[in-house]
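Just below is one structure, and these are the notes that go with it.
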Amino acid sequence: FSSPFLTFLTPLSPLIILLTASHVTTSLSLILFFFFLMIRRPPRSTLSSSSAASDVYKRQPSLAPLKDGNPKNVSWVVVDLDQPAGSRWDHVVLPHKTEIAALIAVITDTAKAIIGESRYEKLIDNLDRHLHKYTDVLPADYGAEILGIANATGFPPAEVFIYNIFYTVFGACTSIVAQDQKGDLFHARNLDFGLWPAFDLKNGSFWELATRLRPLVVTVELQRSGVPLYRSTTYRGFVGLSTALRPGGFSITLNTRFDAHFDAGLLKWLASPQLDAGHMDSTLKLRNIMETATDYPSALAAIKQAEFIGPAYVILGGSSPGQGAVVTKGAQGLLKPDGETLDVLLLADALKNGSSYLLQTNYDHWKPPPRFDNRRDPGKLCMDRIGPNGTSFSGLYNVLMGKPNFNRLTTFTTLMRVSTGELESYRQLCHEMDCPLF
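Residue numbers (this note's numbering): 61 to 498.
Take a look at the structure:
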């Protein structure tokens, strides 16, 4: 019942409820209905486990530009949290306003084609007028940041808001926390994003949304009082957090979880954000934890207590041996609240059982992965092959370059080491003939 086949077909039941609610809710629901429907994941062509691991030692990072001309290296920017929320991201988004516009256009053009341009414009206009109901309940001053980005770029605030809840709806990834033979911890991830019915056949990308996302990849160092607080690899214009490291403290990656709850928590929050303010978008809640927790134990406790508006996996790493966890978030059952803690898988327990790592994709670790989307077993085969002696930035990078974990949706790879504060990110474009589409 956890198959993405069902989630492709399903926000229908909660949407019926949503569509009978307020006018603004109806507007947002119609937009998001088509968004949800289009991005739900079809079957994946999975390569054999042996082919994924056969050349795990042969892949070497290359800093040559990608086939589409984008640089492999990801640039860094500094964001000062002491600056006004409404303008602190201006220098990040304004130089790339054209690229952000192209990204949003991919989504809006598809929506207009489905529901008609006139209806789409009316829905966006109506959502703009009522957007404060959503931005006012976001943690800290993140709502003001979203509105500030819209003001700086001139984009409709509603479209910037939808862009900023992308990851809550969909993001397919592979995350790894691993310990080497000396007890040092490493955290790595691929972020696969961009499944949408718009196509780019020019440079091997296939998915146009992924093509538009790649130029926007950036690593942000967020500072307070002139001191680096944490580092995050993200997309320009996106204020949430899916990949981040607090030097000396902890690291976080966020993976989508496919379940049978059909985004009911998200839809409930969209219907009544002020009544359901206790639950929060996962990317914004994790950013809030990154800014308030100081170490691995406090971050793990906060994540376990946090209530998300949808299912997710939070992969956490620390700086001391054994500090690693995968926290599974979701509903305890049908009609139960979404985003609750369902399971905590600890690296310390894996070490006791002879494994030196945790590897998480988009399915519950206590269930076999679906045959049409098995990235778990090829990834684990690669990790078993390199072992603790091969656990390093280069070793984990090579693991994540194995197909199908590396595919045409992969937009970047990030490598993190909490103890030293190191974070490296690389843009990715899988364009070879044997690259899986998703």
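Glycine is no exception: its CB is placed at the ideal position from the N, C-alpha and C atoms.
Reduced DSSP category for residue i - H, G, I as helix; E, B as strand; rest coil
i    : result
Q283 : strand
K427 : coil
V137 : strand
T213 : helix
H247 : strand
M340 : strand
F298 : coil
P288 : strand
W329 : helix
L269 : helix
F259 : strand
S416 : coil
E484 : strand
F368 : strand
M443 : helix
A171 : helix
G264 : coil
Whole-angstrom distance between residue j and residue i, CA atom to CA atom
i    : j    : result
T213 : I167 : 17 Å
A372 : L326 : 12 Å
A161 : F368 : 29 Å
I349 : I209 : 22 Å
G203 : R431 : 40 Å
L497 : R468 : 5 Å
Y486 : C495 : 18 Å
P144 : L207 : 12 Å
L360 : P333 : 26 Å
D409 : F215 : 48 Å
A270 : M443 : 27 Å
G297 : S379 : 30 Å
T86  : T316 : The pLDDT assigned to T86 is 47, lower than 50, so where the model puts this residue is not dependable; a value taken from the coordinates is nonetheless given after this. Each residue's Cα considered, the two are about 25 Å apart.
L126 : T480 : 29 Å
A391 : L402 : 8 Å
E181 : Y194 : 19 Å
K242 : V220 : 45 Å
S109 : Y457 : Because the pLDDT at S109 is just 48, under 50, the model does not fix this residue reliably, and the value given afterwards should be weighed accordingly. For S109 and Y457, the distance between alpha carbons rounds to 17 Å.
K132 : V459 : 18 Å
S358 : L405 : 16 Å
N263 : N130 : 11 Å
T388 : G254 : 23 Å
A258 : D244 : 43 Å
Residue range of the beta strand (DSSP E) that includes residue i
i    : result
K389 : 384 to 390
C233 : 232 to 239
I375 : 372 to 377
F310 : 310 to 316
F472 : 470 to 477
D403 : 400 to 406
L460 : Counting along the chain, L460 falls outside any beta strand (DSSP E), though it belongs to the alpha helix (DSSP H) covering 453 to 460.
A304 : 303 to 306
DSSP beta-bridge partners of residue i
i    : result
L394 : For L394, which the question treats as bridged, DSSP gives no partner whatsoever.
T195 : DSSP lists no partner for T195.
Q143 : Beta-bridge pairing links Q143 to no other residue.
T293 : T279
D252 : A232, T470
Residues near residue i by beta carbon distance below 6 Å, same chain, minus five either side
i    : result
T470 : N250, D252, Q488, C490
L97  : Its pLDDT being 43, under 50, L97 is placed unreliably in this model, and the value from its coordinates should be taken loosely. So no residue of the chain qualifies.
I184 : P216, A218
R477 : F246
Bounding residues of the alpha helix (DSSP H) (the contiguous stretch that carries residue i)
i    : result
Q365 : 356 to 365
S178 : 177 to 190
R494 : Reading off the sequence shown, one finds Asp at residue 494, where the question assumed Arg. Unbroken run through D494: none, as it is neither H nor E.
D150 : 150 to 153
Residue i beta carbon near the ligand FAD (any heavy atom closer than 7 Å)
i    : result
L411 : For the ligand FAD, the structure offers nothing, since it holds no ligand at all.
Sequence-distant residues of its chain with Cβ nearer than 7 Å to residue i (five each side left out)
i    : result
R284 : L141, D142
T354 : G309
V153 : I160, I209, A212, T213, R296, G297
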